[in-house]
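Everything on this sheet refers to the single structure shown next.
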Amino acid sequence: MGTWLRLLPMAAGFPRPETQIPVFRDDGRSRYFLDMGWREVMVAVEYDGEQHRLDRGIYRNDRTRSEFIADIGWRRIRVVAGDRKADIIERTRRAWTSSQTPGR
């Protein structure tokens, strides 16, 4: 994850994101790390490089990881090369807003 991605939400008015957020599985020992995000609203932003698309093992692990993270209530914005900054901000804003909706 590049510095530009970490700074982008702050430039758009979001609070400073925490980086490398640990998310524990049910066994309490194994865990995943989210690239960056905000625990208080359970919104994460993660950069997926080419290896996430090209390596079958990484792809399979990503799918399992994504399902687990969604199941425990996190909203995850996945960013890839070529995504427009304005789109990343808009997706982050929507996730942030929906995470604060009562009954979510």
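Counting from 287, one number per residue, gives the positions in the sequence shown under this note's numbering.
Beta carbons: idealized from backbone N, C-alpha and C, even for Gly.
Exclusion of the five residues before and after Arg325 leaves Glu304, Ile307 as the residues of its chain whose Cβ lies within less than 7 Å of its Cβ. Where Asp348 is concerned, the enclosing alpha helix (DSSP H) starts and stops at 342 to 357. Inter-segment contact for the region 371 to 388 and the region 345 to 356 is absent: fewer than three beta-carbon pairs are separated by less than 8 Å. Distance from the Cα of Ser384 is smallest, within the candidate group Val309, Arg370, Gly368, Arg362, for Arg362.
Per DSSP, reduced to three states, the secondary structure at Met322 is strand.
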